[in-house]
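A.B. asks: I am attaching a structure below and will ask some questions about it afterwards.
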Amino acid sequence: NWAISRPVPVARAVAGPHRRFSAFFGFFIHSLNATANFFVRRLGLEPTEELASVRGPEELVALARHSAAEGALEPDSAELFIRTLHLNDLTAQNVMTPRVEVQALAEDASALDAANLAHATGLSRFPV
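Counted from 1, the sequence shown has number 110 at position 107 by the working numbering; the numbering is strictly sequential.
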């Protein structure tokens, strides 16, 4: 599929026509949607948006764990996905290293100094 193999060029190619289509037909589409919602309400039903069926983070975590348990997803990939879902719960304070614990290299440090510090701390990136 052309759109899958070249997503950026395809997105650039269709963005303009899609924007013009939406601008031109937007009022008509909105009117049809409002009319349909009116008739659905007259039947005694409440119209729902499609977004109501979107899965929440808890469901996605359960799905990832189940997929990993069944072998459909690598355990490392599942764990990475789950941790990604929890990024919203983090603040800068949660991920920052306290200043007194920061390991830094001197401006005139050699590559050997960097290698020794990396070996001693288990870290690979240091402020200079």
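Glycine residues also receive a C-beta, built at the ideal position from the N, C-alpha and C atoms.
Treat the numbers as computed from the prediction; the structure is a model and nothing was measured.
Where does Ser81 land, buried or exposed, given buried means 16+ other C-beta within 10 angstroms?
C.D. replies: Position check: residue 81 holds Ala in this sequence, whereas Ser was assumed. Counting Cβ neighbours within 10 Å, Ala81 comes out buried, since at least 16 surround it.
A.B. asks: Would the beta-carbon of Leu90 be found less than 6 Å away from any heavy atom of the ligand MN?
C.D. replies: Judged by which ligands are present, the structure shown has none, so any question about the ligand MN falls away.
A.B. asks: Does DSSP put Thr100 in a helix, a strand or coil?
C.D. replies: DSSP places Thr100 in coil when its eight states are reduced to three.
A.B. asks: For Glu62, report the span of its alpha helix (DSSP H) as first-last.
C.D. replies: Here the alpha helix (DSSP H) through Glu62 covers Pro60 to Glu73.
A.B. asks: Taking 8 Å as the threshold, find out whether the region 85-104 comes into contact with the region 117-124 through three or more Cβ pairs.
C.D. replies: No, the region 85-104 does not touch the region 117-124.
A.B. asks: Terminal residues of the continuous alpha helix (DSSP H) containing Pro10?
C.D. replies: Pro10 to Arg45 is the span of the alpha helix (DSSP H), which, as asked, contains Pro10.
A.B. asks: As a quick exercise: from Glu110, His33 and Ile85, pick the residue whose alpha carbon is nearest that of Pro130.
C.D. replies: If we check each option's Cα against that of Pro130, Glu110 comes out closest.
A.B. asks: Under 7 Å, do Ala117 and Leu108 count as touching if we go by C-beta distance?
C.D. replies: Yes, the pair counts as a contact, with Cβ atoms nearer than the cut-off.
A.B. asks: Taking the alpha-carbon of Arg68 as reference, which of Ile85, Gly59 and Glu53 has the nearest alpha-carbon?
C.D. replies: The residue with the shortest Cα to Cα distance from Arg68 is Ile85.
A.B. asks: Could you have a look at Glu52 and say whether DSSP puts it in helix, strand or coil?
C.D. replies: Correct three-state label for Glu52: coil.
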